[in-house]
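When the letters of the sequence shown are read in order and numbered with this note's numbering, they come out as residues 11 to 203. Below is one structure, written out as structure tokens; the observations come after it.
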Amino acid sequence: MLETGYCRVDGRVAYGEKERGKVNCYATCALLHHTEKGWLLFDTGYAPRVVEATHDFPYSLYAMATPLHIRPERAAVNQLPRLGLSPADIQTIVVSHFHADHIGGLLDFPEAVLVCSRDAYAAVAGLTGLAAVRRAFLPALMPPDFVERAVWTETLSATTGKPEHRDLFGDGSCVLVPLPGHAAGQIGLLAAT
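As structure tokens, then:
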């Protein structure tokens with residue numbers, strides 16, 4: 011797991027009425043290795059460009075609502091060298107959903123295949139301004155070739171027994187599962203270890 015920064019939010023918003031005061035919500039991403047398919051990131055967390063993307067109104071409302079604590083050295087791309095990896099080593103990125111704390115580093119990996127649900131993408135595609143901020147989405151974080159690099163979960167083979175679960179690599183090692191509730195089309199990853 012790579013910790014890429016955090017934001018400060020009202021505890022009641024994050025954890026319910028019993029939580030008091032401000033809490034840190036950490037943006038993490040998971041780095042996994044598949045013996046045949048190579049390195050995979052599950053989400054990319056925050057990166058310095060999230061701060062840049064929130065300078066101007068209305069995107070500055072995102073940073074006001076969730077004050078950001080992001081250091082360049084914590085970006086996923088900048089943590090890879092200490093692990094002996096480069097951005098080109100990341101073959102696949104699974105995007106759980108399109109909130110800024112999950113896609114902040116997408117632009118750092120221009121060669122990776124991008125896997126997400128079509129519903130998650132459709133929920134933010136074309137959004138700008140206040141409509142985007144309401145969805146915690148910052149369009150400036152999206153690669154311009156996202157659609158060309160995308161693999162939609164709906165096109166992957168279903169696993170046996172659970173038709174809504176999708177087999178990322180066709181070998182049962184990484185299974186994508188829907189996680190409804192937090193964001194449209196959100197997915198999780200069950201990885202065999």
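C-beta atoms are modelled at their ideal positions from N, C-alpha and C, and glycine is treated no differently. Being a predicted model, the structure only gives us computed values, none of them experimental.
Would you mind sorting residue i into buried or exposed? The rule is 16 or more other CB atoms within 10 Å of its CB.
i    : result
S96  : exposed
P58  : buried
A37  : buried
R84  : buried
F67  : exposed
G259 : This structure gives no information on residue 259, because the portion of the chain shown stretches from 11 to 203.
H43  : exposed
Y25  : exposed
Please look up how many angstroms separate the CB atoms of residue i and residue j, rounded, as I've assumed it's under 8 Å.
i    : j    : result
L189 : L178 : That pair is no contact at about 15 Å.
L199 : L151 : Actually they are not in contact, since the Cβ atoms of L199 and L151 sit about 20 Å apart, beyond 8 Å.
C17  : H112 : Going by Cβ atoms, the distance from C17 to H112 rounds to 12 Å, so no, they are not a contact pair.
T54  : G94  : At roughly 19 Å, the Cβ-Cβ gap does not stay under 8 Å, so T54 and G94 are not in contact.
S127 : T163 : 5 Å
P149 : A160 : So it is not a contact: roughly 16 Å between Cβ atoms.
Reducing DSSP to helix, strand and coil, say where residue i ends up.
i    : result
V33  : strand
A133 : helix
T138 : coil
E62  : helix
L117 : helix
A10  : With the chain running from 11 to 203 in the structure shown, residue 10 is simply not present.
A193 : coil
D111 : helix
So who's on the other strand from residue i, going by DSSP bridges?
i    : result
R18  : N34
V123 : T102
E13  : T38
F52  : A40 and V104
V161 : V125
V187 : G198
T169 : K172
Answer yes or no: do residue i and residue j have a C-beta to C-beta separation smaller than 8 Å?
i    : j    : result
T76  : S70  : no
Q101 : L12  : no
A202 : G182 : yes
A130 : F108 : yes
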